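Asker: Heads up: the sequence shown is residues 1225 to 1658, going by the working numbering. Glycine included, each C-beta is placed from N, C-alpha and C at the ideal position. Computed from a prediction, not measured in an experiment: that's the story for all the values here.
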Amino acid sequence: MDFITALAFYKLSEFIALKYLIKQIILLVIISNILLISQNRYKIIDGKNVEVDKCGFPIDDSFQENILSPEYMGYSYDSLLVDLNKWRLSEYVKIDSIGLSVQGRPLWQLTVSSDPNNVLGKRTVHIHARTHPQETEGFYVTREIIKILFSETELAQTARNKCVFYIIPMYNPDGVVLGSPRKNANNVDLESNWNTFPHQPEVAALKARFTQLMASENPIEVMLNMHSSSDCKRYFVYHHENGTSPAYAILEQNFINGVRFYYPNGIEPFNFFVSWTGGTALQYPESWFWVNHGENVMALTYEDMYQCSQTGNFDLTANAILRGTLDYMNIATEIQNTESTQPEDFVLYQNYPNPFNPATKISWQSPVSCWQTLKVFDVLGKEVATLIDEYRNAGSYEVDFQISDNGHQLTSGVYFYQLKTGDFIQTRKMILLQ
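Spelled out as structure tokens, the structure:
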């Protein structure tokens, strides 16, 4: 074989290998996309294993009647119009529309701030509810948030002075009017329609609004997507680091733990519902934020209790969400835990923020009055700080830990904090980044 022939044979082999590699990459992408999008759960309904969405409701419409309450629609579109007229009386709100539904109904938006006509320099929070018409409880929590923001409490004044809240109380008005539990007038689930084209009018309008706000001087920092779940639990849909990033997963934990501090017995821990374990799902509003803005926006779905025997306490939930949101944004408010029920268990929560510098908050709860000790240790087990060593009554508590609390500066690294109360001992890890 001469040199020219050998070279040609080598190049041909190289081309075949490259072609095979490209095919394998394409195949992996296809498989990955399948894994990324299909991440729903399953429940046994009438003896059958039925696929359900993150709210716990069947994907297949034929099973909806088996899980819906006969009073599932609750709050009507006419009720919203009445409330809009009441809300307009407040000096802290401006009401307009971000677009129209399939049947031409306005997608009403509340702009809430100390001066809703001048929000320059205000930090931005976005909330939308009633994507799934049947999930009225998510709206009731949203309505309580609105009530708090319209009040003259110190919390409300701080929130209005520091932030602007954009709230869409009924994102799917057609579905509400038509009595469609989960879909719009075109029989499409708006919650999982963010990666299909052309978009439904409601999705297009909300995405355009998100895009507009994210391009502003004060983009959205927290986006809450309000729903309710047939699981009869209150929880946030936590996105695993496989679908986001390790840093974002920690931010999510900080946010959820911060909210739970104000309602520890009412809202489940962050790991109650873990999604995106197989990668980034692309069909949700939160997906759009992650793909386009990454760790800059805390975008989460909140699930309230769907018509369970324990459904209620919407005011407590709203208070916790609002306070936790402001804490996450490092906006100081007066400390007030309004939960009236006594803790049922000992719990040591994950500190927030984490990683931290120069300070972090550590919270815990005790169901009994007892001597309580909270200490911080380095990775070698050496005690570096004693935060609490005293008798305390049953209740929920929080302390600040400064990196200079022990009299000398701590270095970057992993530390552990430990709560001891009688026979109960719990230890958690935190990270200091200088």
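When burial is assigned at 16 or more other CB atoms within 10 Å of the CB, is tyrosine 1530 buried or exposed?
Answerer: Buried.
Asker: From which residue to which residue does the beta strand (DSSP E) around glutamate 1607 run?
Answerer: Note, glutamate 1607: beta strand (DSSP E), 1607 to 1616.
Asker: Run through DSSP, which three-state label would arginine 1652 get?
Answerer: Note: arginine 1652 maps to strand in three-state DSSP.
Asker: With a threshold of 8 Å, are at least 3 pairs of Cβ atoms found where one atom belongs to the segment 1643 to 1654 and the other to the segment 1585 to 1598?
Answerer: Contact holds: three or more Cβ-Cβ distances are below 8 Å.
Asker: Cutting at 6 Å between CB atoms, please list the residues of its own chain near glutamate 1607, excluding the five before and the five after it.
Answerer: Here the set comprises Lys1599 and Phe1601.
Asker: Once you ignore the five residues that flank threonine 1382 on each side, which residues in its own chain have a CB closer than 6 Å to its CB?
Answerer: For threonine 1382, where only same-chain residues beyond five positions count, the Cβ hits under 6 Å are Thr1557.
Asker: If valine 1388 sits next to threonine 1549, beta carbons under 8 Å apart, how far is it from one beta carbon to the other, in whole angstroms?
Answerer: Not quite, the Cβ-Cβ distance comes to about 13 Å (not below 8 Å), so this is no contact.
Asker: Short check: CB of valine 1461 to CB of glutamate 1368, under 8 Å?
Answerer: Contact flag unset, no.
Asker: Can you give the beta carbon distance from serine 1511 to asparagine 1419, rounded, assuming they're within the 8 Å contact cut?
Answerer: Serine 1511 to asparagine 1419, Cβ: 7 Å. Contact.
Asker: With distances taken Cα to Cα, identify the nearest neighbour of alanine 1544 among Ile1322, Glu1614 and Thr1366.
Answerer: The shortest Cα separation from alanine 1544 among Ile1322, Glu1614 and Thr1366 belongs to Thr1366.
Asker: Tell me whether aspartate 1613 is buried or exposed, calling it buried when 16 or more other Cβ atoms sit within 10 Å of its Cβ.
Answerer: Exposed: under 16 other Cβ atoms inside 10 Å.
Asker: Can you find the residues in the same chain that come closer than 8 Å, C-beta to C-beta, to threonine 1501, ignoring five residues on each side of it along the sequence?
Answerer: So the qualifying residues of the chain are Gln1263, His1464, Asn1466 and Gly1467.
Asker: Can you tell me the Cα-Cα spacing of serine 1453 and glutamine 1358, whole angstroms?
Answerer: Serine 1453 and glutamine 1358: Cα-Cα distance of roughly 10 Å.
Asker: My assumption, with CB atoms under 8 Å, is that methionine 1522 sits in contact with tyrosine 1552. Please give the rounded CB distance.
Answerer: Indeed, because the Cβ distance is near 7 Å, the residues count as touching under 8 Å.
Asker: So, under 8 Å CB-CB, threonine 1335 and tyrosine 1390 are touching, yes? Tell me the CB distance rounded to an integer number of Å.
Answerer: The Cβ separation is near 6 Å, so the contact holds.
Asker: Pick out whichever of Ala1542, Ile1491 and Glu1415 has its Cα sitting closest to the Cα of aspartate 1455.
Answerer: The shortest Cα separation from aspartate 1455 among Ala1542, Ile1491 and Glu1415 belongs to Ile1491.
Asker: Report all residues from its chain with a CB closer than 6 Å to the CB of glutamine 1507; omit the five preceding and five following residues, and keep chain order.
Answerer: Hits under 6 Å: Ser1416, Trp1418 and Asn1419.
Asker: Leaving out five residues on either side along the sequence, give the residues of the same chain with a beta carbon under 7 Å from the beta carbon of asparagine 1561.
Answerer: Confidence at asparagine 1561 is low in this model, with a pLDDT of 49, below 50, so the placement of that residue should be treated as unreliable; the coordinate-derived value is given next. Closer than 7 Å at Cβ, skipping near neighbours: Tyr1486 and Ser1620.
Asker: What do you get for threonine 1584, buried or exposed, if any count of 16 or more other CB atoms within 10 angstroms of its CB means buried?
Answerer: Classification of threonine 1584: buried, given that the 10 Å Cβ count is 16 or more.
Asker: In the DSSP assignment, find the unbroken beta strand (DSSP E) run with asparagine 1449 in it and report its ends.
Answerer: Asparagine 1449 -> beta strand (DSSP E) spans 1444 to 1453.
Asker: What is the rounded straight-line gap between the Cα of leucine 1448 and the Cα of arginine 1347?
Answerer: Cα-Cα distance, rounded: 15 Å.
Asker: How is isoleucine 1258 classed by DSSP in three states: helix, strand or coil?
Answerer: Because the pLDDT at isoleucine 1258 is just 34, under 50, the model does not fix this residue reliably, and the value given afterwards should be weighed accordingly. Of the three classes helix, strand and coil, the one that applies to isoleucine 1258 here is helix, per DSSP.
Asker: Mapping the DSSP letters down to three states, classify methionine 1438 as helix, strand or coil.
Answerer: Correct three-state label for methionine 1438: helix.
Asker: Between Val1603, Glu1568, Val1592 and Leu1611, which lies nearest to isoleucine 1586 when the distance is taken from Cα to Cα?
Answerer: It is Leu1611.
Asker: Of the choices His1451, Gln1574, Phe1421 and Ala1432, whose alpha-carbon is the least far from that of asparagine 1495?
Answerer: With distances taken between Cα atoms, asparagine 1495 lies closest to Gln1574.
Asker: Are there 16 or more other CB atoms within 10 angstroms of the CB of lysine 1653, so buried, or fewer, so exposed?
Answerer: Label assigned to lysine 1653: exposed.
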